[in-house]
Amino acid sequence: MVGPTERVEFVCGSRSRQEVLIALASEPRERRAVVGSTAASESAVYDAMNRLSDRGFCYEREDGRWALTGTGRAVADLLERVGTVESVVEGTRPYFDEHDLGVLPEPDRRELHRLAGCEVVDSPETDPFRAARRVRTAIADADEVAVLAPVYDDRFADALLEGDTDSVRLVLDPEILDLRPEDDSNADEPPPFAELVDIRVAEIAFAMTVTGSGVYLSLPQLDGTYDPQTELVRESDAAADWGATVFERIWERATPVEALVED
1 MVGPTERVEF VCGSRSRQEV LIALASEPRE RRAVVGSTAA SESAVYDAMN RLSDRGFCYE
61 REDGRWALTG TGRAVADLLE RVGTVESVVE GTRPYFDEHD LGVLPEPDRR ELHRLAGCEV
121 VDSPETDPFR AARRVRTAIA DADEVAVLAP VYDDRFADAL LEGDTDSVRL VLDPEILDLR
181 PEDDSNADEP PPFAELVDIR VAEIAFAMTV TGSGVYLSLP QLDGTYDPQT ELVRESDAAA
241 DWGATVFERI WERATPVEAL VED
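Next up, the structure:
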């Protein structure tokens, strides 16, 4: 019985096998073309192709070209994704060394490769609001905005209300929602700002702003504290789609603010 990672380990156990698999993932090739597309020696490539073929990763077609099997394609795609995630983590160091990725929903952590090319916007002492300003600008320029807010920030709130409030959705952590006491005569009415912005409430441990052009993510530090000084930013269609998926997942389980007031 093949172990859960045996196929991946087999390919990764040899640089030549990795290079051959990557070469064939781009297009079917003749054996000589595979040799020319890798840095390995001819004998190493031939050995790798034979071993990959014996294990069911590739095969020789009737036209003499070599191509990936379904197994080979699946492993090649996985290795490409792993490489992209590695570039995300390495390209932003030490951000992920100091912040907790575990607060994101598990399915969305698995799609971290969609943030490839992201940057860390920090706030040095000489410009302590640089990260916040980047988010505020994104909100002001966006046609539609979705925000997860574990803490309250006047700057972001003002930016949301200055735009088209009909295109804003906001999820607040219950700790920052200022609900009135039960003996308040208006306690059965939603807060005034709820009439302007579509608000729901859910426990959230990270901040995120999603626009049509990108995502602005603020993960907590390893001790769980909110980090207002840094933003992980990626402006691309893939990142915007990723952020929208994360937001919708939390939005669906969140409670409309009106329901909490009525209770």
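Residue numbers (the UniProt record's numbering): 1 to 263. No residue lacks a Cβ here, since even glycine has one placed at the ideal position from N, Cα and C. As the structure is a prediction and not an experimental result, all values here were calculated from the model.
Straight-line Cα distance separating residue j from residue i
i: Ser41; j: Asp47; result: 10 Å
i: Asp237; j: His113; result: 13 Å
i: Val197; j: Tyr226; result: 24 Å
i: Asp184; j: Leu160; result: Legend: pLDDT at Asp184 = 48, less than 50; position of this residue unreliable, no value from coordinates given.
i: Arg73; j: Ser43; result: 24 Å
i: Val89; j: Asp77; result: 19 Å
i: Gly83; j: Leu101; result: 18 Å
i: Ser218; j: Ala259; result: 28 Å
i: Gly91; j: Ala239; result: 16 Å
i: Gly214; j: Gly243; result: 8 Å
Anticipated Cβ contact below 8 Å, residue i with residue j, distance rounded
i: Ile199; j: Val257; result: 4 Å
i: Arg29; j: Ala23; result: 6 Å
i: Thr209; j: Val121; result: So it is not a contact: roughly 12 Å between Cβ atoms.
i: Ala254; j: Ala202; result: 4 Å
i: Val135; j: Phe156; result: 7 Å
i: Leu19; j: Thr38; result: A small fix is needed here, since residue 19 is Glu in this sequence, not Leu. With a Cβ gap of about 4 Å, Glu19 and Thr38 count as contacting.
Per-residue DSSP class, three states only, for residue i
i: Cys58; result: strand
i: Met198; result: The question names Met, but residue 198 in the sequence shown is Asp. In the structure shown, Asp198 sits in a strand (DSSP, three-state: E or B).
i: Gln221; result: strand
i: Val34; result: helix
i: Glu42; result: helix
i: Asp127; result: coil
i: Thr137; result: helix
i: Asp166; result: helix
i: Gly13; result: coil
Beta-bridge partners of residue i, as assigned by DSSP
i: Trp66; result: Arg29, Glu60
i: Leu172; result: Ala149, Val201
i: residue 269; result: An answer regarding residue 269 cannot be provided, because it is not within the stretch 1 to 263 covered by the chain.
i: Val233; result: Glu119, Tyr216
i: Met49; result: Met49 pairs with nothing; no bridge assigned.
i: Thr209; result: Val147, Tyr216
Beta carbon proximity, residue i to chain D, threshold 8 Å
i: Arg234; result: Given the protein chain composition of this structure (a single chain), no chain D is represented.
Counting only runs of 4+ residues fully inside the stretch 77-110, write out the alpha helix (DSSP H) ranges in chain order. 95-98, 106-109
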